[in-house]
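Numbering (our numbering), first residue to last: 54 to 179.
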């Protein structure tokens with residue numbers, strides 16, 4: 054668990070430079086860390102364990118929203134997407150991209166806060 058925790062912290066430090074695939078891997082590592090911590094939580098002090106698990110869950114959820122937006126953007130911008138041929142579909146895709154872009158800034162700001170909270174907590178197994 055210690056190695057997984059270290060890997061999550063290391064990758065998360067460079068979150069803004071991660072590719073979509075690397076972000077997906079980081080999200081999977083966060084998920085693994087959360088499930089492992091849940092298994093050990095009964096052996097830990099109650100309050101620190103609850104705080105750590107709550108932070109991991111929020112981080113995993115926040116990361117999911119960012120990944121979903123990144124994947125949707127990749128699909129919409131794919132050069133071989135069929136809607137590039139249809140003006141109405143292209144406008145709809147542009148609208149969706151605009152909404153994604155507008156919602157992404159607050160999501161990223163929220164993620165930074167979640168990340169700082171996670172980094173401030175000591176793992177419950179220590």
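Cβ coordinates follow ideal geometry from the N, Cα and C atoms, glycine included. Keep in mind the model is a prediction, meaning the values are calculated, not measured.
Assuming residue 109 and residue 68 form a contact by the criterion Cβ under 8 angstroms, report the distance between their Cβ atoms to the nearest whole angstrom. Contact flag wrong, Cβ pair sits at about 15 angstroms.
At least three beta-carbon pairs within less than 8 angstroms, the stretch 64 to 78 to the stretch 133 to 153: Because the criterion of three Cβ pairs below 8 angstroms is not met, the stretch 64 to 78 and the stretch 133 to 153 do not touch.
Separation of residue 131 from residue 181, as counted between CA atoms: Residue 181 is absent from the structure shown; the chain starts at 54 and stops at 179.
Say the cut is 7 angstroms; is the CB of residue 162 nearer than that to a heavy atom of the ligand FMN? Among the components of this structure there are no ligands whatsoever, and the ligand FMN is therefore not found.
Under 8 angstroms, do residue 129 and residue 150 count as touching if we go by C-beta distance? yes
Taking the alpha-carbon of residue 91 as reference, which of 165, 154, 54 has the nearest alpha-carbon? 54
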